[in-house]
Amino acid sequence: MTTPSRRDLANAIRFLAADAVQAANSGHPGMPMGMADIAQVLWGDFLSHNPANPKWVNRDRFVLSNGHGSMLQYALLHLSGYALSINDLKQFRQLNSKTAGHPEAHATPGVETTTGPLGQGLANAVGMALAEKLLAQRFNQPGHAIVDHHTWVFLGDGCLMEGISHEACSLAGTLGLGKLIALYDDNNISIDGEVHGWFTDDTPKRFEAYGWQVIRHVDGHDPEEIAQAIRTAKAEVERPTLICCKTTIGFGSPNKAGKESSHGAPLGKDELAATRQALGWPYAAFEVPREMYAAWDAKQAGSAREAAWDRAFDAYQSAHPALASEFSRRMSGQLPQDFAALADAYIAKLQAEGPVVASRKASQMAIEAFAPGLPELIGGSADLAGSNLTLWKGSKSVVSDDADANYVYYGVREFGMTAIANGLALHGGFIPYDATFLVFADYSRNALRMSALIPAGSIHVFTHDSIGLGEDGPTHQPVEHLASLRYIPNNSVWRPCDAVESAVAWKAAIEHRAGPSCLIFSRQNLPHQHRSTQQVADIARGGYVLSDPAEARFDVILIATGSEVELAMEAARQLDAQGVKARVVSMPNTEVFQRQPLEWREGVLPSWCRKRVAVEAGVTGFWRQYVGLDGKVIGIDSFGASAPANVLYQHFGITVEAVVDAAKSL
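To convert, note that position 26 of the sequence shown is 28 in our numbering; the numbers rise steadily by one, no gaps.
Shown next, in the form of structure tokens:
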């Protein structure tokens, strides 16, 4: 049997990618054809992974940041032995296939994160590399390096044009992520053509300024140059590395190589046939010879790597049983056994004490109560720690070699912060929370969406949640943001009304690992609401009856969240004095409420009572689904203004009197 050459092995990637794009009549063949040689060297000689166990904890992480070239990754997974068949490749971009148009972590074994929005995979990789670094600091012991793997990123010109690349890579240099290695597909082509008219940065100097090691002028089609660059990158342990690989997009295509025409469209049957001839590939579409499969197959080597690690972990477990047990717990995603009981005890204590604090302060109190028993909790803020109140007494900066480092000072990098937090969550071993003002959710919007889509179990903390922040004015006052976050599928948004609901929201977010949670907190103090033990338990259902009239009937339902719950409660008291009986429903999380059984939802918002008023300091349209067209919504459908909070609430008509009048009008 003839041993295939490196070029033949790379050509297997090229033609699987080009054939799949052609069959789908949709996709991006140019990047897989251009990066195939780089991929062959990395996956053939350096990547530590096990196709038989895509979730092996000490595997290298591979991220395809330029995710439009997804067929490169699918071809690699298929050839190396993951559970991705040739029929899966033939179903590229088809409904319910494992080979979607862009890599999707939930759908395809071996895909670490969902990519496509350019630059975000790179930022996710920064989070993964940070997780590896911190876990190594915490768990590795002399003679026992159980956490020891690299994070590899493929990226292109588009990733580097996106601003998130600056946010993430600047921080990566500062953090000294020596096991982060990025391979740059420097082909000078994007969708609109040659990039010289809009991308003339000196990229190597830029990354050197960030504190990265930069390896320049690597021929992306010369396996020996690529391999030497990777060896040099791995030898550097203090700085992340950027390997600049000069490549030709659509490599091998006689008429489309080096041109934008190969970027985002099939080559066409004639051009694909000409490419086969040019590269000496005599095989039919989706045909790969057995000897090439044998050369690519990584299952045996991968199983051997994992078995060697298992033996090393057994030795570690014998020497350090407590650390080994804790490592296994964290990497399995299991919370400490006593967490729920401790959290519930803290919530009961709060209910008994009834503190009157801003919910951002209540959030900090919850972190202070929960974090000592949750070493996997890792926080951070976009230069607003003193306002978001995300620091607690056990916070330790990750810019240290402290074994318990657990706090990231992200700087003013909202988008990068959120995507890095997603990477921390995806790596395993951590529950990350990040923070900024709610109005700046716009800066991180697409990474928030990606949290829900991937999904990544990140916790996104947003403070200064309404016009209630006051004098900073409309640039800092969120109006549409609550509704927009709630409209993201699989996004759990909590807006608590007092310290008790804030603690319940934190507990729920920590326990919710199937997607992200957004915790929305006020700047201004909020009064404590009196509840029974059962009502405290009911908070976790997203919406519950906070107050009913003494009589077993009511005329109108008042629905509120956050700082407006106190308005609804006072309005109910005034209505009662005027002979109108009102039920008050606190609705801290509409997504969780909608997941409750119909019986619960009907018990809270009975369909027979169509006289409903919702009150929230945000846009009103969202609440029509709960009050109907014949109900009333008290909110704000314009931008805010600069003034003290109490003046603004009065000015915009978000008042007890407005709620009372709306209820009486029904």
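Ideal Cβ positions, reconstructed from N, Cα and C, are used throughout, including at glycine.
Q. Nearest to N52 by alpha carbon, out of G304, L81, F464, R313?
A. Within the sequence shown, residue 52 is the residue found at index 50, counting from 1. The residue with the shortest Cα to Cα distance from N52 is G304.
**Q.** Simplified DSSP assignment, three categories, for N648
**A.** For the purposes of this step, residue 648 is taken as the residue at position 646 of the sequence shown. Three-state result, N648: helix.
Q) With respect to the alpha helix (DSSP H) encompassing T234, which residues constitute its N-terminal and C-terminal limits? A) Here residue 234 refers to the residue found at position 232 when the sequence shown is read from its first residue. Looking at the DSSP string, the run of the alpha helix (DSSP H) that includes T234 is 225-237.
Q) Should L182 and V401 be called a contact, given that it needs their Cβ atoms to be closer than 8 Å? A) If you number the sequence shown from 1, residue 182 lands on position 180. If you number the sequence shown from 1, residue 401 lands on position 399. No; because the gap between Cβ atoms is not below 8 Å, this pair is not in contact.
(Q) Please report the straight-line C-alpha distance between L136 and L376, rounded to a whole angstrom. (A) On the sequence shown, position 134 is the one that residue 136 refers to. On the sequence shown, position 374 is the one that residue 376 refers to. Each residue's alpha carbon lies about 15 Å from the other.
Q) From H70 to P119, what distance separates their C-alpha atoms? A) The sequence position of residue 70 within the sequence shown is 68, counting from 1. The sequence position of residue 119 within the sequence shown is 117, counting from 1. About 9 Å.
Q.
Less than 8 Å between the beta carbons of H30 and H322, yes or no?
A. To locate residue 30, count along the sequence shown from 1; it is residue 28. To locate residue 322, count along the sequence shown from 1; it is residue 320. Pairing H30 with H322 gives a Cβ-Cβ distance that is not under 8 Å.
Q: Could you please give me the residues that DSSP links to I512 through a beta bridge?
A: Numbered from its first residue, the sequence shown carries residue 512 at position 510. Answer by DSSP bridge pairing: none, since I512 is not bridged.
Q. Residues in its own chain within less than 7 Å of S50 by CB, not counting five upstream and five downstream?
A. As a first step, residue 50 is located in the sequence shown; it is residue number 48 there, counting from the start. Excluding residues within five positions, the ones whose Cβ falls inside 7 Å are R61, D62, H151, R307.
Q) When the Cα atoms are used, what is the spatial distance from G454 to K395? A) For the purposes of this step, residue 454 is identified with residue 452 of the sequence shown, where counting begins at 1. For the purposes of this step, residue 395 is identified with residue 393 of the sequence shown, where counting begins at 1. Correcting the residue type first, residue 454 is Ala in the shown sequence and not Gly. K395 has its alpha-carbon roughly 30 Å from the corresponding atom of A454.
Q | Contact set for G418: own chain, Cβ-Cβ below 6 Å, skip 5 residues either direction | A | As a working note, residue 418 is residue 416 in the sequence shown. When the five nearest sequence neighbours on each side are left out, the beta carbons in the same chain lying within less than 6 Å of the beta carbon of G418 are those of A125, I166, E169, A170, in order along the chain.
Q: Could you please give me the residues that DSSP links to W154 through a beta bridge?
A: Working through the sequence shown from its first residue, we reach residue 154 at position 152. According to DSSP, residue pairing for W154 in a beta bridge involves F64, I183.
**Q.** Close-in-space but distant-in-sequence residues of the same chain around S609 (CB under 7 Å, 5 per side omitted)
**A.** On the sequence shown, position 607 is the one that residue 609 refers to. No residues qualify anywhere along the chain.
Q) What is the C-beta distance between V617 and I559, in whole angstroms, given that I count them as a contact (C-beta under 8 Å)? A) Counted from its first residue, the sequence shown places residue 617 at position 615. Counted from its first residue, the sequence shown places residue 559 at position 557. Wrong, their Cβ atoms sit about 11 Å apart, outside the cutoff.
Q | Sequence-distant residues of its chain with Cβ nearer than 7 Å to S172 (five each side left out) | A | Numbered from its first residue, the sequence shown carries residue 172 at position 170. The beta carbon of S172 lies closer than 7 Å to those of Y212 in the same chain, with the five residues before and after it left out.
Q: For the segment 69-89 and the segment 332-349, state whether three or more C-beta atom pairs, one from each stretch, are separated by less than 8 Å.
A: No: fewer than three Cβ pairs fall under 8 Å.
Q | Per-residue burial, N89 [other beta carbons within 10 Å of its own, 16 or more giving buried] | A | Position 87 of the sequence shown holds residue 89. Around the Cβ of N89, a 10 Å sphere holds fewer than 16 other Cβ atoms; the residue is exposed.
Q. Whose C-alpha, out of M294, Q75, D10, is nearest the C-alpha of H104?
A. As a first step, residue 104 must be located in the sequence shown, where it is residue number 102. Selected option, being the one with the closest Cα: Q75.
Q | Exposure label - I193; buried when at least 16 CB within 10 Å | A | Sequence index remark: in the sequence shown, residue 193 carries index 191 (1-based). By the neighbour-count rule (16 or more Cβ atoms within 10 Å), I193 is not buried but exposed.
Q.
I believe T225 touches R8 by the beta-carbon criterion, under 8 Å. Please report the beta-carbon distance rounded to the nearest angstrom.
A. Your numbering for residue 225 matches position 223 in the sequence shown. Your numbering for residue 8 matches position 6 in the sequence shown. Reading off the sequence, residue 225 comes out as Pro, not Thr. With 8 Å as the limit, P225 and R8 qualify as a contact, their Cβ atoms being about 5 Å apart.
Q: Run the CB neighbour count on R140, radius 10 Å, all protein chains shown included, and call it buried at 16 or more, exposed below.
A: Here the question's residue 140 lines up with position 138 in the sequence shown. Per the 10 Å Cβ criterion, buried.
Q) Exposed or buried, which one is D188 when buried takes at least 16 other CB atoms within 10 Å? A) Taking the sequence shown and counting its residues from 1, the one referred to as residue 188 is at position 186. So D188 ends up on the buried side.
Q.
Assuming contact is defined by CB atoms lying nearer than 8 Å, are L577 and V662 in contact in what I supplied?
A. Here residue 577 refers to the residue found at position 575 when the sequence shown is read from its first residue. Here residue 662 refers to the residue found at position 660 when the sequence shown is read from its first residue. Pairing L577 with V662 gives a Cβ-Cβ distance under 8 Å.
Q. So what does DSSP say about D436, is it helix, strand or coil?
A. Numbered from 1 along the sequence shown, position 434 holds the residue referred to as residue 436. In the three-state reduction of the DSSP assignment, D436 falls in the strand class, which pools E and B.
(Q) Quick test of your reading: A423 and S460, contact by CB under 8 Å. State the CB separation rounded to the nearest angstrom. (A) One-based indexing of the sequence shown puts residue 423 at position 421. One-based indexing of the sequence shown puts residue 460 at position 458. Confirmed, about 5 Å.
Q. So is K634 buried or exposed if we call it buried at 16+ other beta carbons inside 10 Å?
A. Along the sequence shown, one-based indexing puts residue 634 at 632. Classification of K634: buried, given that the 10 Å Cβ count is 16 or more.
Q | Contacting residues, own chain, Cβ-Cβ under 7 Å from T622 (five flanking each side not counted) | A | As a first step, residue 622 must be located in the sequence shown, where it is residue number 620. Within the same chain, V635, G637, D639 come within 7 Å of T622 by CB-CB distance, once the 5 residues on both sides are set aside.
Q | 4 or more residues per run - each alpha helix (DSSP H) lying fully within the segment 563-598 | A | 567-579, 592-596, all fully within the segment 563-598.
Q.
For D47, which residues in the same chain have their Cβ closer than 7 Å to its Cβ, ignoring the five residues on either side in sequence?
A. Within the sequence shown, the letter at position 45 stands for residue 47. Contacts found: A229.
(Q) Only counting the same chain, and skipping five residues up and downstream in sequence, which positions put a Cβ closer than 8 Å to that of Y318? (A) Numbered from its first residue, the sequence shown carries residue 318 at position 316. For Y318, where only same-chain residues beyond five positions count, the Cβ hits under 8 Å are Q143, H146, I148, L325, A326.
Q) What is the DSSP secondary structure of N257, reduced to helix, strand or coil? A) Position 255 of the sequence shown holds residue 257. Reduced to three states, the DSSP call for N257 is coil.
Q: Run through the segment 601-632 for me and flag every whole alpha helix (DSSP H) of 4 or more residues, listed as ranges in chain order.
A: Secondary structure in the segment 601-632: the alpha helix (DSSP H) runs of 4 residues or longer, each lying completely within the stretch, are 626-629 in chain order.
Q.
Cutting at 7 Å between CB atoms, please list the residues of its own chain near N27, excluding the five before and the five after it.
A. Here residue 27 refers to the residue found at position 25 when the sequence shown is read from its first residue. P268.
Q: Go ahead and pull the three-state DSSP assignment for D188.
A: Position 186 of the sequence shown, counting from 1, holds the residue named residue 188. The three-state secondary structure of D188, taken from DSSP, is strand.
Q | The alpha helix (DSSP H) enclosing V215, as first and last residue numbers | A | For the purposes of this step, residue 215 is taken as residue 213 along the sequence shown, with counting starting at 1. Before going further, note that residue 215 is Gln rather than Val in the sequence given. Unbroken run through Q215 is the beta strand (DSSP E), 215-221; no alpha helix (DSSP H).
Q.
By the DSSP assignment, the beta strand (DSSP E) with T243 in it spans what residues?
A. Start at 1 with the first residue of the sequence shown, and residue 243 comes out as number 241. Unbroken beta strand (DSSP E) run through T243: 243-248.
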